[in-house]
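Engineer: One structure coming up, written as structure tokens, with questions to follow.
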Amino acid sequence: MKITFIRPNMADMRSADAMEPLVFAILAGLTPPDVETVLYDERLEAIPYDEPTDLVALTVETYNARRAYQIATQFRRRGAPVVLGGYHPTFLPDEALQFADAVVVGDAEGLWPQVVEDARAKRLRRIYRQPDYPPLGGTRPDRRIFRGKRYAPAALVQYGRGCRFACEFCSIHAFYGFNLRQRPVSEVVADIEASQRRHIFLVDDNIFVDVPKAKELFRALIPLKIRWSCQVSIDVAQDEELLSLMEQSGCTTAVIGFESLDEHNLAQMKKKWNLKYGDYATSVQKFHDHGIMIYGSFVFGYDHDTVDSFNRCVEFAIRHNFYLANFNPLTPMPGAKLYERLRSEGRLIFDRWWLSPDYTYGQAAFHPRGMTAEQLTEGCFRARQQFNAYSSIFKRALDFKTNCRGPYRLGLHLASNFVSRNEILRKQGRQLGEGRPMIQVSSV
Ligand code: B12
Ligand code: SF4
């Protein structure tokens, strides 16, 4: 039996910032050894639709759902059965089932071997629903599936899933609720060692969900002498010992959701706790004192944002020498509370923006209150351009505590900023998927 794993892009295009799709190393690790597996990542290569296969398995996020459905349709036309899993099919299984033979809802652990056996026996069920949040221990990602592919030189490793907060717009809270799980630290260490990479991206949604568990991990990382990146809530800055352990264990960069400089917006999105332990400047200083480069994430379109909000944020991010920053239009994601609120307020521009041929990447998908939808789209794009201007990249590079602390960091800063600058221009305004209308193949 042969399984073809597919990582769709947002459209039939290649990207310069592709990272290893960890989910397929996990699925490969859960697949019985007598089954052949192959991965095609559309960010790196074209998809060979005519290559024989017994099962096609796609991971689907909301931004690539339209493209994933188009790919699924191509395979099903050729008689290959298709299974879809991931965030988007978990939130909208009925939509996904219109384009697939089977859908997996929730985590794959504990379910995937059954899907494989059913596909082998040609008796796939329509839906495989994860009854609970399965424990994460015991699963070993098989990274051989990435061999020969030109991914960014960092391994994606996961310690835990879930976040203890409930921001209104967030898909993570919609997916996991308040469930928090970690893998045994010894398995994370073994996974890092087996990856043979010196730079690790810990993809946890928030690496700071539990103080003792975070400390246990950071202490175990110290002897590995790696460099690592993470996503973390800003309140970790209150804990000097944690910051110090992050520094000692090699934490180089941290993605932090600042979201807004306006406390009324933070209250509306249920993120006022961002300011609980001090203002942003104080928290930023604490990260920088420990040499941690900051990748700041901002969102625009909450009710207290106006056309002036963009410049204030860009100026803040440049003044504080952020390593990278994201300026995103607030986007109603399926499953998140924001989507239902905006729909009940009659403010959605598209019923399902992710399927609409008229929606393009970077575009506002709803009517904000403090500006027009067009101003929101343009403001975010302009903010990205200003932050990624050469003058800004070089000004931010000269922070000797962080981005210029040594040749490795300076190289990382410059390479990441140049890739980001190019990708922003390439992605902005792109239609999701291909132009042709969506065709459903109801059965094969
Ligand atoms: C690392 C990461 C990235 C990396 C790229 C990662 C990569 N490999 O290429 C970067 C930084 C580039 C990135 C970019 C973006 N990302 Co991102 N990213 C992540 C992050 C933090 C980790 C991904 C990961 O490795 N997870 C670990 C794996 C194991 O988990 P998983 O994918 O959920 O898989 C499990 C189950 O879902 C299920 N499953 C998943 N797929 C399948 C398929 C089958 C067949 C089966 C059986 C099961 C199954 O089984 C798995 C094991 O249990 C996630 C958050 C998260 N927790 O996943 C966000 C996340 C996926 N990203 C998100 C977004 C929005 C984006 C962007 C669109 C942001 C933007 N505005 O530009 C971009 C563009 C992505 C694109 N399509 O091009 C959202 C997606 C939300 C949604 N509803 O789709 C997430 C959930 C973050 C969030 N906070 O909301 N991202
Ligand atoms: S802190 Fe981040 S991961 Fe946690 S709920 Fe808020 S946006 Fe989601």
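Per our numbering, the sequence shown starts with residue 178, numbered consecutively.
We treat Cβ as the ideally placed atom computed from N, Cα and C, and that holds for glycine.
Nothing here was measured: the structure is a model prediction, and the numbers come from that model.
1) Whose CA, out of C407, A391, E364, lies closest to the CA of D381?
2) Out of I377, K392, V365, H481, which has the shortest C-alpha to C-alpha gap to A431?
3) Out of I304, D295, A296, W289, state which residue places its alpha-carbon closest to the alpha-carbon of Q275.
4) Among K463, N498, F475, which has the Cα closest to the Cα of L438?
5) Please determine, among F252, R573, Y246, V237, the residue with the shortest C-alpha to C-alpha distance to Y472.
6) So the beta strand (DSSP E) C407 belongs to, where does it begin and stop?
7) Can you name, in chain order, every residue of its own chain whose Cβ lies under 8 Å from the Cβ of A494, other than the five neighbours on each side?
8) Checking 7 Å against the spacing of the C-beta atoms, do R254 and P185 come in under that value?
9) Give a single yes or no on whether W530 has its beta carbon closer than 6 Å to a heavy atom of the ligand B12.
10) So what does DSSP say about V259, is it helix, strand or coil?
11) Along the alpha helix (DSSP H) that carries K463, what are the first and last residues, could you check?
12) DSSP state of K299, grouped into three classes?
13) Indicate, with yes or no, if the ligand SF4 has a heavy atom lying under 6 Å from the CB of I349.
14) Tell me whether the beta-carbon of A513 lies closer than 7 Å to the beta-carbon of A351.
15) Can you tell me which of the three DSSP states C557 falls into?
16) Going by the C-beta, is C407 closer than 6 Å to any heavy atom of the ligand SF4?
17) Could you check the C-alpha separation between A444 and G337 for me, to the nearest Å?
18) Cα separation between M178 and D412?
19) Can we count G505 as close to the ligand B12, meaning its CB is less than 6 Å from some heavy atom?
20) Among the candidates R360, P290, G339, A331, whose CA atom is the shortest distance from the CA of S372?
21) Counting only runs of 3+ residues fully inside the segment 355-436, write out the beta strand (DSSP E) ranges in chain order.
22) Within the same chain, show all residues whose beta-carbon is closer than 6 Å to that of A132, passing over the 5 residues directly before and after it, in chain order.
23) Which residue spans inside the segment 472-514 form an unbroken alpha helix (DSSP H) run of at least 4?
24) Among the candidates L204, R374, A277, whose CA atom is the shortest distance from the CA of P318?
25) I203 bridges to which residues according to DSSP?
26) So, using beta-carbon positions, are G314 and R360 closer together than 7 Å?
27) Using the rule of at least 16 other Cβ atoms within 10 Å of the residue's Cβ for burial, across every protein chain shown, is A298 buried or exposed?
28) On the DSSP letters alone, give me the boundaries of the alpha helix (DSSP H) that Y353 sits inside.
29) Please identify the residue among M470, R546, C490 whose C-alpha is closest to the C-alpha of G588.
30) Taking 6 Å as the line, does the beta carbon of D284 fall inside it for any heavy atom of the ligand B12?
31) Going by other Cβ atoms of all chains shown within 10 Å of its Cβ, with 16 needed for buried, is Q540 buried or exposed?
Structural biologist: By the coordinates alone:
1) C407
2) I377
3) I304
4) F475
5) R573
6) If you look at C407, you'll find it in the beta strand (DSSP E) that goes 404-408.
7) Contacts found: G473, F475, A502, F564.
8) no
9) no
10) strand
11) 457-466
12) Note: K299 maps to coil in three-state DSSP.
13) Flag set: Cβ of I349 near the ligand SF4.
14) yes
15) helix
16) no
17) 27 Å
18) 49 Å
19) Gly is not the amino acid found at residue 505; the sequence shown has Asn there. Yes.
20) A331
21) 376-379, 404-408, 428-436
22) The question about residue 132 has no answer, for the chain in this structure spans 178 to 621.
23) The qualifying runs are 486-496.
24) Considering only alpha carbons, the answer is L204.
25) BP columns for I203 are empty, so no partner.
26) yes
27) exposed
28) 348-353
29) M470
30) yes
31) buried
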